[in-house]
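Numbering (the numbering used here), first residue to last: 497 to 807.
Below is the structure:
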């Protein structure tokens with residue numbers, strides 16, 4: 497008689513269908529499971545692209561350089577050095593100052609544009625958004641080089657001022673300075689501020705503004721009592737989207753900053769590159785991430801308390 501039994505590694509169709517039905521029922525009952533299933537590709541990419549490199553960076557930060565190689569003995573000397581040497585603290589303070597000013601300037605410049613599109617444009621709003629963000633479709637590096645030409649010793653600004661007779665010789669402080677880095681960062685990251693600001697302003701219920709007008713509020717009072725508080729989520733998102741990446745930027749300071757405009761990102765890039773001190777570069781990267789996280793938490797706490805007082 498022929499052996500009709502299935503191998504141990506195979507399951508009858510009824511068993512497979514039963515398991516599939518149980519799995520389907522589990523996902524049908526659990527909203528959390530469905531959410532994690534939908535996010536699983538993103539979580540996998542974030543794990544491979546963010547979490548794993550971060551762990552590697554953290555491990556390397558406890559090593560030391562040994563000639564052309566690394567001494568893998570666990571040590572905190574790099575963190576002690578990062579805390580004790582004044583140059584690292586000075587670079588961090590300068591980076592936070594430049595990034596903070598660039599963030600403030602960008603949000604202040606982009607808020608009126610987003611406000612105008614949200615409240616005064618009634619047709620083809622998407623076209624306005626595209627037109628405002630169109631200059632940012634070009635390469636980031638290309639825009640940095642463009643500002644280098646504009647702010648240069650014989651650039652557009654100096655040439656224009658000399659042509660109209662406002663200055664006799666070119667202004668040397670425009671290029672290779674902190675101001676040049678701030679101007680370039682504010683322009684380069686403007687698109688990342690316009691979009692969240694516009695979305696936040698667009699969601700505001702216009703009937704609230706009409707009610708405030710009926711109760712006697714003028715445009716200024718209406719803005720500070722209703723529009724600004726309700727748009728704060730967009731303002732906070734814009735600040736984070738600009739402050740976090742610009743703090744570690746090294747391309748703009750390298751091309752436009754000069755000695756006075758160098759930031760911590762330039763020093764980190766130097767450690768991984770020319771100096772070949774990967775442990776120190778990893779340590780500075782971890783320290784920078786910790787400081788940014790702390791500043792972000794403090795900023796969130798302050799804004800939340802301010803919103804509670806306004807409410």
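The beta-carbon is built from N, C-alpha and C at its ideal position, and this holds for glycine as well. What you are looking at is a predicted structure, and each value in this text was computed from that prediction instead of being measured.
Check, Outcome
"I'd like to confirm the pairing. Which residues does DSSP put opposite residue 560 in its beta bridges?", "567"
"How should residue 652 be labelled, buried or exposed, when 16 other C-beta atoms within 10 angstroms of its C-beta is the threshold for buried?", "exposed"
"When we look at the beta-carbon of residue 762 and count the other beta-carbons within 10 Å, is it buried (16 or more) or exposed?", "buried"
"Of the residues 772, 689, 555 and 591, which one's Cα is nearest the Cα of residue 784?", "591"
"Quick check: what's the CA-CA separation for residue 548 versus residue 555?", "11 Å"
"Cα-Cα, which of 602, 621 and 691 is closest to residue 739?", "602"
"Whose CA, out of 539, 609 and 604, lies closest to the CA of residue 621?", "609"
"Measure the C-alpha to C-alpha separation of residue 742 and residue 796 and round it to an integer number of angstroms.", "18 Å"
"With 16 other CB atoms within 10 Å as the buried threshold, where does residue 584 fall?", "buried"
"With a cut-off of 8 Å, do at least 3 Cβ pairs link the segment 626-644 to the segment 715-725?", "no"
"Within 10 angstroms of the Cβ of residue 497, are there 16 or more other Cβ atoms? Answer buried if so, exposed if not.", "Residue confidence is low: residue 497 scores 46 on pLDDT, short of 50, so the model does not pin down where it sits. No coordinate-derived value is stated."
"Between the C-alpha atoms of residue 629 and residue 750, what's the straight-line distance to the nearest angstrom?", "25 Å"
"For residue 618, which of helix, strand or coil comes out of DSSP?", "coil"
"Taking one C-beta from the segment 666-674 and one from the segment 755-774 each time, how about it: are there three or more such pairs within less than 8 Å?", "yes"
"Quick check on the DSSP output: the alpha helix (DSSP H) that includes residue 576 runs from which residue to which?", "573-580"
"Which value, in whole angstroms, describes the spacing of the CA atoms of residue 790 and residue 642?", "34 Å"
"Please state the DSSP three-state secondary structure of residue 502.", "For residue 502, the predicted structure reports a pLDDT of 47, less than 50, and the residue's modelled location is therefore unreliable. A value from the coordinates is still provided. Looking at residue 502 - three-state DSSP - the assignment turns out to be coil, as it is neither helix nor strand."
"Leaving out the 5 sequence neighbours to the left and right, which residues in its chain are closer than 6 Å to residue 686 when beta-carbon positions are compared?", "602 and 606"
"Unbroken alpha helix (DSSP H) runs of length 4 or more, entirely within the segment 656-731: which are they?", "674-684, 687-698, 702-710 and 715-718"
"Quick one: what does DSSP say residue 773 is sitting in, helix, strand or coil?", "coil"
"Please look up how many angstroms separate the CB atoms of residue 728 and residue 803, rounded, as I've assumed it's under 8 Å.", "6 Å"
"Which residues mark the beginning and the end of the alpha helix (DSSP H) in which residue 527 is found?", "527-542"
"Going by the beta-carbon positions, is the gap between residue 617 and residue 694 smaller than 7 Å?", "no"
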